[in-house]
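Chemist: Under this note's numbering, residues 165 to 601 are what the sequence shown spells out, in order.
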Amino acid sequence: MMIIMNNYLRHFLLLALCFVGRVNMAAAETLEQAWLISSTADRTIEAAQIRVEAAEAELAASQGTRWPTVVARASATQYNETPAFDFSGAGLPGQLPLFDGSSQLVADARITLPIFTFGMISNGVQAAESGVRAQQLRANAHAQDVRLAVATAYVSVLRARSALEVANSRVRSLVSHADDVEDMFAAGAVARNDLLAAQVSLADVQQYQLQAQNGVDISEAAYNKSLGRVLTDTVSLDTELPGLDPRLEPDSLTALTATALENRAELAGLQSAAESIDSQAQSTRARSRPQFAIIGGYTAMENNFLNREDFWSIGLGMQWDIFDSDRSRERANALFLQSTALYRDYQELQSVVEFQVRSTWLRFNESNARIKLTERAIEQADENLRVTRDRYRNGEGTNTEVLNAEGLRTISRSNYDNAQYDAALARYRLARATGLL
């Protein structure tokens, strides 16, 4: 029932978000809205949450082993001949039937309450509790992976559109230049070679423009897919990217690494999984020891030889599997080895996390440094193109110089845009590496 209600809630939120998005098409979608939509639309997130609910149900079942169990039984037996006590061996004549007729009704109910199990129950509950934590942490880690994937798709759309704008700008510039060259050629001011070179360069840039447009279409389809939408849906995005956790201060690598080791859900999840299996091993080992319980019961039995037909009872019971061919011990050893393997994975993952933090931190700093350099290069490239075209119009420069200047301007703009989007992605990846996304 809880799973069904959660599914209804997710679908309601998704429909509400889609309705709002279609009513207000003019409003650009933000990355926060995209994250919210993905949290309800992504089936893998839903699957992870279902695994959490399954672990919680397993915990409830484990906790139930602490409480009494009640078993009721009843039977009706038909005999071909009524059983009876035979007293002839004692020298007494006659027989005494056990019950009237040839059938017998027997019913009983028993209640059993475990009182001491050498840790079998308590360790089983601890294993289930650790299992719930492990699933919750895995779900959290997966949700962050989905958020990073959505952020990557979001930034990829912005990057592709920026690349298309650069291509369009270069096409416009070369169209203008080709027109100038054609006019100058008609006036006999330049050779035909200049006109051909300008036209070839324009055709090459128009090809790049087609590739850039295709890149936009592909990135938008990928973005729609990440949100569970139709691939051809219109994509309208806000170019402003949201801030992140204030603890994500990239100035100190040591502090970021410590934050990652403390917050990464994968690390805590592995630790909880290892603890769960360790508790399972202890619970399994306890099965080979005596199990004590209080047993109460009620029995009703048709008979002719007892003074009553129903009885109440209470007692202390003990069950001990003295020899089981070492099955419990070997199962426990297998679980202990699995737990040890998970602890080794935990230690290895720590070094992986440290490397992820360091590499994303270095990329973030590199991208920011590139932004400062390329920002200055844009101004210089624009001025260089202006001067070069003026010189060419005045007969002081060559067509090749103009085309080279246009290429430098395109490269500088592309480098600047890529540096900006690389920095944005590096920041989100750094947030994911530290467990703060």
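No residue lacks a Cβ here, since even glycine has one placed at the ideal position from N, Cα and C.
Going along the chain, which residues of its own chain have a beta-carbon closer than 7 Å to the beta-carbon of T403, five neighbours each way excluded?
Modeler: The residues are L322.
Chemist: Between the stretch 456-472 and the stretch 294-314, do three or more beta carbon pairs fall short of 8 Å?
Modeler: Verdict: no, contact absent.
Chemist: Comparing C-alpha positions only, which one of N548, Y556, D581, R553 sits nearest to L572?
Modeler: Ranking N548, Y556, D581, R553 by Cα distance to L572 puts N548 first.
Chemist: Is it buried or exposed for S320, if we count other Cβ within 10 angstroms and need 16 for buried?
Modeler: With 16 or more other Cβ atoms within 10 Å, it is buried.
Chemist: Considering only their Cβ atoms, is the gap separating L359 from V345 smaller than 8 Å?
Modeler: Yes, the Cβ-Cβ distance between V345 and L359 is below 8 Å.
Chemist: I'd like to check one pair, R215 with Q299: are the Cβ atoms closer than 8 Å?
Modeler: Cβ atoms of Q299 and R215: closer than 8 Å.
Chemist: For Y387, count neighbouring C-beta atoms within 10 Å of its own C-beta (all shown protein chains included) and say buried if the count is 16 or more, exposed if not.
Modeler: Buried, because 16 or more other Cβ atoms sit within 10 Å of the Cβ of Y387.
Chemist: My understanding is that R237 touches A271, with C-beta atoms under 8 Å, so please give their C-beta distance in whole angstroms.
Modeler: About 7 Å separates the two Cβ atoms, so the contact holds.
Chemist: Taking the alpha helix (DSSP H) that G599 falls in, what are its first and last residues?
Modeler: Neither: G599 is in no alpha helix (DSSP H) and is coded neither H nor E.
Chemist: Tell me the rounded alpha-carbon separation between D474 and D264.
Modeler: Near 16 Å, if we compare the C-alpha coordinates of D264 and D474.
Chemist: Once you ignore the five residues that flank R186 on each side, which residues in its own chain have a CB closer than 8 Å to its CB?
Modeler: Bear in mind that the predicted position of R186 carries a pLDDT of just 46, short of 50, making it unreliable; the figure below should be weighed with that in mind. Closer than 8 Å at the Cβ level, and outside the excluded window around R186, lies no residue.
Chemist: Consult DSSP for I542 and reduce its assignment to one of helix, strand or coil.
Modeler: I542: helix per DSSP, three-state reduction.
Chemist: Taking the straight line between their C-alpha atoms, what separation do you get for R557 and S390?
Modeler: When rounded, the distance between both Cα atoms is 50 Å.
Chemist: Is Y318 helix, strand or coil when you go by DSSP?
Modeler: DSSP places Y318 in helix when its eight states are reduced to three.
Chemist: Taking all protein chains shown into account, decide if I209 is buried (16 or more other Cβ within 10 angstroms of its Cβ) or exposed.
Modeler: Under this definition I209 is a buried residue.
Chemist: Taking the alpha-carbon positions, what's the Y318 to V369 distance?
Modeler: If you take the alpha carbons of Y318 and V369, they lie about 26 Å apart.
Chemist: Do you know how far the Cα of Q227 is from the Cα of A324?
Modeler: Approximately 54 Å, taken between the alpha carbons.
Chemist: Which runs of the beta strand (DSSP E) spanning at least 3 residues fall entirely within the stretch 315-360, listed in chain order?
Modeler: Fully enclosed beta strand (DSSP E) runs of 3 or longer: not present.
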